[in-house]
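Q: This is the structure I want to talk about, given as C-alpha cells.
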Amino acid sequence: VGFECICIAFHPFGVALAAGSSEGHLLVLAADTGAAVATLRVCGSPLSCIGYNP
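Encoded structure:
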C-alpha cells in the first residue's frame with residue numbers, strides 16, 4: 007500500500023476495508039479486488055484507531 011498500516015476496519019457489509027497509517031493516511035480498499043477506492047491524509051500523526059459505524 008505504500009505506507010505502514012497500523013490499524014484496519016472491515017465494512018459491516020463486507021464491501022470494503024479501511025486502513026490507517028503511521029503517517030496519518032486513511033486508505034479505503036475494495037474488499038473483492040483490493041483496489042484502492044480512496045486515499046486521504048486525515049491527520050499529521052499516526053492514525054491508530056478507525057472503525058465503521060453501522
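Be aware that the sequence shown starts at 7, since it is given in our numbering, and climbs by one per residue.
Heads up, the beta-carbon is just placed ideally off N, CA and C, and yes, glycines get one too.
No experiment lies behind these values; they were computed from the predicted model shown.
#1: According to DSSP, is Val48 helix, strand or coil?
#2: What's the call for Ala25, buried or exposed, on a 16-neighbour Cβ count within 10 Å?
#3: Work out the CA separation of Phe19 and Gly8 for me, nearest whole Å.
#4: Return the chain-ordered list of same chain residues with a C-beta closer than 6 Å to the C-beta of Ser28, the five sequence neighbours on each side being excluded.
#5: Our contact map puts Leu33 next to Ala22 with C-beta atoms below 8 Å; I'd like the distance itself, whole angstroms only.
A: Let me lay it out:
#1: coil
#2: buried
#3: Rounded to the nearest angstrom, the two C-alpha atoms are 26 Å apart.
#4: Glu10, Ile12 and Pro52
#5: At roughly 10 Å, the Cβ-Cβ gap does not stay under 8 Å, so Leu33 and Ala22 are not in contact.
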